[in-house]
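Residue numbers (our numbering), protein chains in the order written: chain A, 1 to 297; chain B, 1 to 312.
We put the CB at the ideal spot given by N, CA and C, even for glycine.
Beneath this line is the structure, given in structure tokens, with notes to follow.
Right under this line is the structure:
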């Protein structure tokens, strides 16, 4: 899905966290386990990339171009004779690094803005709502493309563009959650004891809304990874020779008939991360009592 | 919906449109290169004269303070003047309008596919909830929703064009050219729609009025189609609007994969050519369409759902 496009309404609603859920049957968490293990495989593979990769991902082996999988090149070689397995594990590093960065910015900025609006309400909230409405009313992917256009293609522009377009969604969800706990007794009690705003927010509000919201944020990982792959595929993201799944897919296009493994390998990696996060995050959400379906089915 | 609410909804679009225009304008300001110089060096042969560049800068008001430039720029945009493409030298509005029908064509076919397949399978899945077909549909939904559109496109090309050879790999013209890109574009939204429809339908099937309808002696199929589907569609509609907007965004990627001559591919090509006026025009147009689609969905929603109307 084009996760960058976000729902917009005339007013920022108190979000009741009704996102479409990917959960399979109720109570059964094997989907989460499968998802988690897929992510683990990718994480371990990228973390230990130097140990797993049989060759340098940028090394060109002349005379060994477009080879099918073999003992020396378990996933074959690409059109320049580069080892496909090495490229794919290092490509995972690129993707996960970008996703990690974008997610950190999203959660950081989203938390601050969401707390400001949700906790203080009134004028502050009016301002926050207006800002969120404007940002969310714009098509995310087109904005990302526009930012990349100005900053020039490359990894840094990609980081900035994706961060700039994904924080607002998180801020809105956070704002809604803060809103719903602001009126609770424990917050009132803390305020009555003379706790400062900072203390109330840090000690009482954030810990109470964080868990389900972080689970929700983890759903974003797949969105970001897909966006990175798509933009790099278009030549707007990560630039060669840096190994990246999107770039690999684009490189493989002219040769896909004769060497389909060039498409299959990076495609499987993207699918593993995306499917893995979706399954895992949904299991997390279900555990936090946020199945997104009000407990039904 | 009365006139006042309609007016309020229209006014609510304005901040978003202003935001979009500021972003698009900023893009032109921040972009490297002198627009006047770029435009002249495109239309004339050889190096443009410095006086000519100066003249054009004065004409376009490029030496004015930025806020004044913005106001003037908005004035020109409102008259349909989006500047001149650095690459082709023709007006950006013309370029975009030439390509827009192809994008709309693709987006509408994809949306129609997603709506038909997504809703019908969603209803089926809900009615047979818990059965084998439902299970299979749900597993494939998770799978399909995790696949990015461009990857679906690549796989479709590989299978149907390269290996089987029954569809063209890319291009524009006949219905055959439309099938693969439309399917690629529709896959994600179809999976989402299936899920939403299923959840909504299961919800509706448990309502009292459904029991009443069955108690009246209506056949199960009639109950599901007449009472169930109608109430399901109300909630599904909002989602369809959002997906249409998302489909327009995703079109940029799919259009490039299939060499489809739409505005998305034009935008991607223009970025590599550093043709900023075209990118600027694309951002404005995409944001405009997005805001408009959301507005239409809002209006439709209140027209279809009597409760929303009554609540106002």
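| query | result |
| --- | --- |
| Residue 178 (chain A) and residue 205 (chain A) closer than 8 Å at C-beta | yes |
| Euclidean distance between Cα positions of residue 250 (chain A) and residue 293 (chain B) | 32 Å |
| Proximity of residue 150 (chain A) and residue 31 (chain B) at Cβ, strictly below 8 Å | yes |
| Near-chain A residues of the region 154–178 of chain B (beta-carbon distance less than 8 Å), N- to C-terminal order | 154, 155, 157, 158, 162 and 163 |
| Beta carbon of residue 98 (chain A) nearer than 8 Å to that of residue 158 (chain A) | yes |
| Distance between beta carbons of residue 91 (chain A) and residue 244 (chain A), contact taken as under 8 Å | 5 Å |
| Three-state secondary structure assigned by DSSP to residue 77 (chain A) | strand |
| Three or more C-beta pairs below 8 Å linking the region 103–113 of chain A and the region 215–222 of chain B | no |
| 9 Å Cβ cut-off: residues of chain A touching residue 276 (chain B) | 149 and 150 |
| Proximity below 8 Å, CB of residue 174 (chain A) to CB of residue 235 (chain A) | no |
| Buried or exposed by the 16-neighbour rule on C-beta atoms within 10 Å, applied to residue 209 (chain B) | exposed |
| Any C-beta of chain B under 8 Å from that of residue 286 (chain A) | no |
| Simplified DSSP state of residue 63 (chain B), which is helix, strand or coil | coil |
| Backbone CA spacing between residue 189 (chain B) and residue 225 (chain A) [nearest angstrom] | 18 Å |
| Reference residue 140 (chain A); option with closest CA among A:121, A:124, A:30 and A:163 | A:163 |
| Beta-carbon spacing of residue 139 (chain B), residue 193 (chain B) below 8 Å | no |
| Residue burial classification, residue 24 (chain A) (beta-carbon count within 10 angstroms, cutoff 16) | Caution applies to residue 24 (chain A), whose pLDDT of 47 falls short of 50 and renders its modelled position unreliable; the value that the coordinates give is listed next. So residue 24 (chain A) ends up on the buried side. |
| Buried versus exposed call for residue 103 (chain B) [16 or more other C-beta atoms within 10 Å across all chains shown] | buried |
| Per DSSP, cross-strand counterpart(s) of residue 84 (chain B) | B:91 |
| CB-CB length for residue 4 (chain B) against residue 298 (chain B), believed under 8 Å | No, residue 4 (chain B) and residue 298 (chain B) are not in contact; Cβ-Cβ is about 14 Å, not under 8 Å. |
| DSSP three-state assignment for residue 83 (chain A), whether helix, strand or coil | strand |
| Cβ distance (whole Å) where residue 125 (chain B) is taken to contact residue 230 (chain B) below 8 Å | Their Cβ separation, rounded to whole angstroms, is 18 Å, which puts residue 125 (chain B) and residue 230 (chain B) out of contact at 8 Å. |
| The alpha helix (DSSP H) enclosing residue 189 (chain B), as first and last residue numbers | 175–205 |
| Short Cβ contact (8 Å threshold) for residue 127 (chain B) with residue 204 (chain B) | no |
| Residue 287 (chain A) versus residue 84 (chain A): straight-line alpha-carbon distance, rounded | 38 Å |
| Residue from B:35, B:111, B:113 and B:132 with nearest C-alpha to residue 87 (chain B) | B:35 |
| Burial state of residue 268 (chain A), where buried means 16 or more other Cβ atoms lie within 10 Å | exposed |
| Neighbourhood of residue 265 (chain B) by C-beta distance below 6 Å, restricted to the same chain and skipping five residues each side | 255 and 256 |
| Distance between residue 202 (chain A) and residue 271 (chain B) (C-alpha atoms, nearest Å) | 43 Å |
| C-beta neighbour in chain A for residue 181 (chain B), strict 8 Å | no |
| Within-8 Å CB hit, residue 290 (chain B) to chain A | yes |
| Cβ shell of residue 275 (chain B) (< 6 Å), same chain only, five flanking positions each side left out | 85, 86 and 87 |
| Cutoff 6 Å; reference residue 10 (chain A); Cβ partners in own chain excluding five residues on either side | Reliability fails at residue 10 (chain A), whose pLDDT of 43 lies under 50, so the model's placement of it is uncertain and no value is given. |
| Neighbouring residues, chain B, relative to residue 233 (chain A) (Cβ below 7 Å) | 150 |
| Distance between residue 136 (chain A) and residue 6 (chain A) (C-alpha atoms, nearest Å) | Bear in mind that the predicted position of residue 6 (chain A) carries a pLDDT of just 44, short of 50, making it too unreliable to give a figure here. |
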